[in-house]
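Working notes, beginning with the structure itself.
Protein chains: 2
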Amino acid sequence: MIVVRTVGDLRDALRDRRAGRIGLVPTMGALHEGHTTLLRAARAADDTVVASIFINPAQFTEQADLAAYPRTEAADLALAEQEGVDIVFAPDAAEVYPAGFATTVSVTGPVAETLEGAERGRAHFDGVATVVTKLLLAALPDAAYFGAKDAQQVAVIRRLVADLGIPVALVVCPTSRDADGLARSSRNTRLSPGERTRALAIPRALQAVTDAAAAGISDPQALRARADAVLEASGIRPEYVAFVDPETFAPVGVVDRPVLVAIAARVGSTRLIDNTVVATAQGRADTQAGGG
Amino acid sequence: MIVVRTVGDLRDALRDRRAGRIGLVPTMGALHEGHTTLLRAARAADDTVVASIFINPAQFTEQADLAAYPRTEAADLALAEQEGVDIVFAPDAAEVYPAGFATTVSVTGPVAETLEGAERGRAHFDGVATVVTKLLLAALPDAAYFGAKDAQQVAVIRRLVADLGIPVALVVCPTSRDADGLARSSRNTRLSPGERTRALAIPRALQAVTDAAAAGISDPQALRARADAVLEASGIRPEYVAFVDPETFAPVGVVDRPVLVAIAARVGSTRLIDNTVVATAQGRADTQAGGG
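The listed protein sequences correspond, in order, to chains A and B.
If you want this note's numbering, it's the position in the first sequence, counting the first as 1, plus 4.
If you want this note's numbering, it's the position in the second sequence, counting the first as 1, plus 4.
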């Protein structure tokens, strides 16, 4: 495994590997088993696996959040090597945003402006869109791997990749969860033991919605009440519990097709997000009948 | 020569040509001898020459200007074939901006916000930046060719190509001029004979500034007075006569290095732009001494 710090060195390292498939796993470091899932998917499908590690200041809208983000490069490199990564691209901020940098890739509409876009501010997804564009253009991979936990980020990236015509296939891997159901996140390390127990109400709330939808409840307000009850029992007041189209993030009025249920909540001072796709039995049947 | 209408067909046509150099000449059609200069530069340097023809609605901030823009595809294709173009990429608006399109590439700072950016509105260079990004990613050429007449457009594109790391070399060809000095432009066809004669004041004003700078005048205000006198004699009130850094478009206070002089003016109802780079003898000497 080699570690490169500049786009030039990355391209040099990839030049002789383009006859085979190249997979890119973009990360902000603090690698955990969620990332392992992505690295293994790439390792299984591609001839060359590139992992990028870059804590992107442009997508942090709170300086405290950026400052508190875990930085664990030595452990990250060890895990990457163990997972068979060929090339780690770990640039510093001056390589990604040199003096005079003045370009932003921006996605508009509910996919970028609601939920995380509203809570974290417009700059968040602008920062994500710009850095992901840069990473994709630096590596020009055949495939790039993202986790379903960041569903809105994935939808924003899917939008910009289609709109700009970046020649890459996006592979979305299912959310990786601890045995108790908590979605894996670099932020989980900040939870106290008590907070971690309370945080389990988030996946339980998603499960309650999944079960209720499967039982035929298709009204988002009725489904939301199930989630709220579970969260409230653990003293969690969510920032949002949203029922949206998984691609456009437009709110849905009835669960008559697969719908993304997304939750964001602070547990103590740690902000967590999680989501799942739910469908009523009828919605699933309709989708299958429609060939989807 | 083949004509393709979709990104997919363009990529298919280029797939077996990537062992050699690919050159892209992006145009909005209405091809004239200015474009010929670009096509010949590409033909001389590259193995495959791609010309794109797309009247980009996103960069027109006046609907009347878009409606009046000349559409001459049959003649354009004949000229492209005559100049040895291999592939013409001529998509329609729905191919470039399909339903749901929601992504913008945006450059900030004086390079995009002053002069043409101010006169034509912020959407103009957003439209240019977005479509050029798409064209470059569709063709992934080794080189792309632009005319120096659109100096600010070139500077915006240079900025976004550097910032996003698009792997392409930009080649800027000198402004092509008619024998009488008028910069070639698709808009020139709209000038009446009398307007065309008056329009010659624009290149004469640039020449007056060039001569005055060569004679040692380094104060932009004094230089501007020379330009204004020439323009006024032909009854032309410019929208701007600007002295700016050729890369950043920041205004310069003294011509002590090569400076871009840019003029925009309406002659009748036709809006014309032109520019040149000027330097005082001292400025040139300093630049050469500095290895520039």
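In this text, a Cβ means the ideal position worked out from N, Cα and C, and glycines have one as well.
Of the residues the options, the one placed nearest residue i, counting alpha carbons only
i, options, result
"Ala48 of chain A", "A:Gln67, A:Ser56, A:Phe64 and A:Arg25", "A:Arg25"
"Ala148 of chain A", "A:Gln156, A:Ala45, A:Glu117 and A:Gly104", "A:Ala45"
"Asp13 of chain A", "A:Pro250, A:Ala143, A:Arg230 and A:Ala173", "A:Ala143"
"Ile59 of chain A", "A:Ala97, A:Glu87 and A:Ile161", "A:Ala97"
"Phe247 of chain A", "A:Gly239, A:Leu264 and A:Arg241", "A:Leu264"
"Ala72 of chain A", "A:Phe64, A:Ile277 and A:Ala78", "A:Phe64"
"Phe105 of chain A", "A:Thr52, A:Pro114 and A:Lys138", "A:Lys138"
"Ala159 of chain A", "B:Arg162, B:Thr107 and B:Glu236", "B:Thr107"
"Leu174 of chain A", "A:Gly151, A:Ala187 and A:Arg181", "A:Gly151"
"Val245 of chain B", "B:Gly220, B:Ala219 and B:Pro207", "B:Pro207"
"Ile91 of chain A", "A:Ser56, A:Arg162, A:Asp50 and A:Ser190", "A:Ser56"
"Leu204 of chain A", "A:Ile240, A:Ala254 and A:Leu18", "A:Ile240"
"Val89 of chain B", "B:Val136, B:Pro145, B:Gly27 and B:Ala34", "B:Gly27"
"Ser110 of chain A", "A:Thr134, A:Asp69 and A:Thr52", "A:Thr134"
"Pro61 of chain A", "A:Pro102, A:Arg21 and A:Asp184", "A:Pro102"
"Ala266 of chain B", "B:Glu85, B:Asp146 and B:Pro242", "B:Pro242"
"Glu99 of chain A", "A:Arg162, A:Ala79 and A:Arg9", "A:Arg9"
"Gln225 of chain A", "A:Asp69, A:Glu236 and A:Val213", "A:Val213"
"Gly185 of chain B", "B:Pro171, B:Val176 and B:Arg200", "B:Arg200"
"Val176 of chain A", "A:Ala68, A:Ala166 and A:Arg162", "A:Arg162"
"Asp215 of chain A", "A:Val234, A:Val172 and A:Ile277", "A:Val234"
Beta-bridge partners of residue i, as assigned by DSSP
i, result
"Tyr149 of chain B", "B:Val175"
"Gly27 of chain B", "B:Val53 and B:Ala147"
"Thr193 of chain B", "The partner list for Thr193 of chain B (beta bridge, DSSP) is empty, contrary to what the question assumes."
"Thr65 of chain B", "Per DSSP, none; premise fails for Thr65 of chain B."
"Thr214 of chain A", "Note: Thr214 of chain A sits in no beta bridge, so no partner."
"Val109 of chain B", "A:Val109"
"Phe93 of chain A", "A:Val8 and A:Ser56"
Alpha helix (DSSP H) segment containing residue i, residue limits
i, result
"Pro197 of chain A", "Pro197 to Ala203"
"Arg228 of chain B", "Pro224 to Ala237"
"Ala186 of chain A", "The question names Ala, but residue 186 of chain A is Leu in the sequence shown. Element bounds for Leu186 of chain A: n/a, residue is neither H nor E."
"Asp182 of chain B", "Looking at the DSSP string, Asp182 of chain B is not in any alpha helix (DSSP H), and its letter there is neither H nor E."
"Leu83 of chain A", "Glu77 to Gln86"
"Arg124 of chain B", "Glu120 to Arg124"
"Glu117 of chain B", "Pro114 to Glu117"
Extent of the continuous beta strand (DSSP E) run through residue i
i, result
"Ile6 of chain A", "Ile6 to Val8"
"Val248 of chain A", "Tyr244 to Val248"
"Ile277 of chain B", "Thr274 to Val282"
Short Cβ contact (8 Å threshold) for residue i with residue j
i, j, result
"Thr274 of chain A", "Leu195 of chain A", "yes"
"Asp223 of chain A", "Val258 of chain A", "yes"
"Gln156 of chain A", "Glu120 of chain A", "yes"
"Val11 of chain B", "Gly131 of chain A", "no"
"Val7 of chain B", "Leu81 of chain B", "yes"
"Asp182 of chain A", "Arg191 of chain A", "no"
"Leu43 of chain A", "Ala17 of chain A", "no"
"Pro114 of chain A", "Thr252 of chain A", "yes"
"Val282 of chain A", "Ala217 of chain A", "yes"
"Gly38 of chain B", "Thr76 of chain B", "no"
"Arg21 of chain B", "Thr52 of chain B", "yes"
"Gly220 of chain A", "Thr284 of chain A", "yes"
"Thr179 of chain B", "Lys153 of chain B", "yes"
8 Å Cβ cutoff, residue i in contact with chain D
i, result
"Ser110 of chain B", "Of the chains in the structure shown, none is chain D; the protein chains are A and B."
Reduced DSSP secondary structure (H/G/I, E/B, other) of residue i
i, result
"Leu164 of chain B", "helix"
"Ile221 of chain B", "coil"
"Val265 of chain A", "strand"
"Val256 of chain A", "coil"
"Ala34 of chain A", "coil"
"Arg270 of chain B", "strand"
"Pro207 of chain A", "helix"
"Glu99 of chain B", "helix"
"Arg21 of chain A", "coil"
"Gly131 of chain A", "helix"
"Asp13 of chain A", "helix"
"Arg241 of chain A", "coil"
"Arg44 of chain A", "helix"
Proximity test, residue i beta-carbon vs the ligand ZN heavy atom, cut-off 7 Å
i, result
"Ala142 of chain A", "The ligand ZN is not part of this structure, which contains no ligands at all."
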